[in-house]
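Heads up, the thing below is written out as structure tokens.
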Amino acid sequence: MIQTKKRDINIIIIKIMTLALLVIAVVVAAANYGFAKNLNPSVKHFWKMLYFYFEHFFRAFTVFLGSLLTYRFIKKSTGRVPLQRKITLFSFSITSLLLLVIWPIASGYWELYYAFMPFPWTTLPFQLAMNGKFYGTSLPPWKGIDSATLLLWAYGIYQVIAFAGTIVLGRKWQCSMICLMNGCHAETLGIGLPFIIHNKKRPHSKQIKPVLHTILILIQRILFTVNILLTGLWSCYLITGWTLIPENTLIRIELIKYISLELTLLMFLWVFIGGRGYCFYCPAGFGLALISRLIGQRVETGLTHCIQCSACNDACKMSIDIMARVQEKKPVRDISCVGCGLCMDNCPTGNLLYRTHLFRGFGSNSTRSY
Ligand code: SF4
Ligand code: SF4
Numbered sequence: 001m002i003q004t005k006k007r008d009i010n011i012i013i014i015k016i017m018t019l020a021l022l023v024i025a026v027v028v029a030a031a032n033y034g035f036a037k038n039l040n041p042s043v044k045h046f047w048k049m050l051y052f053y054f055e056h057f058f059r060a061f062t063v064f065l066g067s068l069l070t071y072r073f074i075k076k077s078t079g080r081v082p083l084q085r086k087i088t089l090f091s092f093s094i095t096s097l098l099l100l101v102i103w104p105i106a107s108g109y110w111e112l113y114y115a116f117m118p119f120p121w122t123t124l125p126f127q128l129a130m131n132g133k134f135y136g137t138s139l140p141p142w143k144g145i146d147s148a149t150l151l152l153w154a155y156g157i158y159q160v161i162a163f164a165g166t167i168v169l170g171r172k173w174q175c176s177m178i179c180l181m182n183g184c185h186a187e188t189l190g191i192g193l194p195f196i197i198h199n200k201k202r203p204h205s206k207q208i209k210p211v212l213h214t215i216l217i218l219i220q221r222i223l224f225t226v227n228i229l230l231t232g233l234w235s236c237y238l239i240t241g242w243t244l245i246p247e248n249t250l251i252r253i254e255l256i257k258y259i260s261l262e263l264t265l266l267m268f269l270w271v272f273i274g275g276r277g278y279c280f281y282c283p284a285g286f287g288l289a290l291i292s293r294l295i296g297q298r299v300e301t302g303l304t305h306c307i308q309c310s311a312c313n314d315a316c317k318m319s320i321d322i323m324a325r326v327q328e329k330k331p332v333r334d335i336s337c338v339g340c341g342l343c344m345d346n347c348p349t350g351n352l353l354y355r356t357h358l359f360r361g362f363g364s365n366s367t368r369s370y
């Protein structure tokens, strides 16, 4: 099992970077969505541009540097980096670089990134289709193309890519390879998190207490329901023109939901729960998990033998009891599994394998090194 040595320089830099990300995100986003709206146009523009610079460049920078430091730390600690970890770090770095940096610089159109972070914003297509605005803000056209049309296309394409990848790879595709909402930070900074350890007797364990787990799952179900309701209200508004709740109130509800549950709480949970804190209640993750069930996502157990070391349980940031499934000689089909591969990477006997109906799998037997 890899240990997060407090004095390791890679881990120290990751922790500092995470703190910076956390503080800047809350300040800049709150300012942009909150008080800046009431200020004069030049100040408003300043906060908006700061927000974009943060969202694009700083976040991509942390993903890229976090990947590099995580890679270096694992290599230094164990001598080699497992294949699954290489794929995850590479995939998140490339996705961030392409969508958050290269695209905006090459095209000059920064707003398109809204379409690639769609999951907290499930009502984006309805808002755009209804009046061409998102959160009540008109977006500029791009090279003569109306912004609503452009974003709707980008949103649609992203959904197809996310869905098609999930059919083949399961939740691993979105949650552990391309997610720009939280997955990218969870895997590239997660080795330095949480700031406060969960279990003093097993300081490297990522498992959270059952009561906390239950609360987060409760939040997930509530948030999923709220998103479905909001989507229903916006679509009803779009299709029939009937406004059960006025548009301005809907927008305010969306903003409060985003700032509180999908930004502030996400950051707060990094400190106390770890990088995957948000993934416990991500409504998109819940939806993808349902699809993943249908396509046979599972972690096979019993490939070799189990020495009851608990390394798999300690490594799992989603607090899944893998050992229990091993003892029952059953695969792990937990709805929370994000397909990160950490349990496999950490199993010293190569006893586990991630797979779906269409994907033969990543196992620990061919890649194990720590
Ligand atoms: S069960 Fe394994 S693959 Fe699934 S979330 Fe836990 S560590 Fe990741
Ligand atoms: S499955 Fe592997 S990591 Fe988990 S307890 Fe058994 S030997 Fe240890």
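Per the working numbering, the very first residue in the sequence shown carries number 1; after that it's consecutive. All C-beta atoms, glycine included, are put in the ideal place defined by N, C-alpha and C.
Query raised in the report: How many angstroms separate the CA atom of Gly187 from the CA atom of Gly66?
Result: The amino acid occupying residue 187 in the given sequence is Glu; Gly does not appear at that position. Approximately 8 Å between the Cα atoms of the pair.
**Report entry** Local conformation of Arg85 per DSSP, three classes
**Finding:** helix
Requested in this report: Specify the secondary structure class of Tyr281 as computed by DSSP and reduced to three states.
Outcome: coil
Report task. Report the option in Leu39, Ala25, Leu169, Pro82 whose CA atom is closest to the CA atom of Cys347. Result -> Pro82
Requested in this report: Starting from Leu218, follow the alpha helix (DSSP H) in both directions and report where the run begins and ends.
Outcome: 210-240
Query raised in the report: Under the three-state reduction of DSSP, which class applies to Ile16: helix, strand or coil?
Result: helix
Query raised in the report: Looking at Gly277 and Leu261, is the spacing between their C-beta atoms short of 8 Å?
Result: no
Query raised in the report: Hey, Thr122 and Asn227 are a contact pair by Cβ (cut 8 Å); roughly how many whole angstroms apart?
Result: 5 Å
Query raised in the report: Measuring CA to CA, which of His357, Gly350, Asp345, Ala315 is closest to Arg333?
Result: His357
Query raised in the report: Counting by C-beta, which residues lie closer than 7 Å to a heavy atom of ligand 2, in chain order?
Result: Thr301, Cys306, Ile307, Gln308, Cys309, Ser310, Ala311, Cys312, Asn313, Ile322, Met323, Val326, Cys343, Asn346, Cys347, Pro348, Thr349, Asn351, Leu352
Query raised in the report: Which residues in the same chain as Ser366 place their Cβ atom closer than 6 Å to its Cβ, once the five residues preceding and following it in sequence are excluded?
Result: Bear in mind that a pLDDT of 46 at Ser366, under 50, signals an unreliable position, so the number given afterwards is only what the model happens to contain. Result list for Ser366: empty, nothing under 6 Å.
Requested in this report: Starting from the C-beta of Ile16, find all residues in its chain whose C-beta is less than 8 Å away, skip the five residues before and the five after it, and write them out in chain order.
Outcome: none
Query raised in the report: Would you call the CB atoms of Cys371 and Leu352 closer than 8 Å?
Result: Nothing about residue 371 can be reported from this structure: the residues present for the chain run from 1 to 370 only.
Query raised in the report: For Thr70 versus Met177, is the C-beta spacing smaller than 8 Å?
Result: no
Query raised in the report: So the beta strand (DSSP E) Tyr354 belongs to, where does it begin and stop?
Result: 353-355
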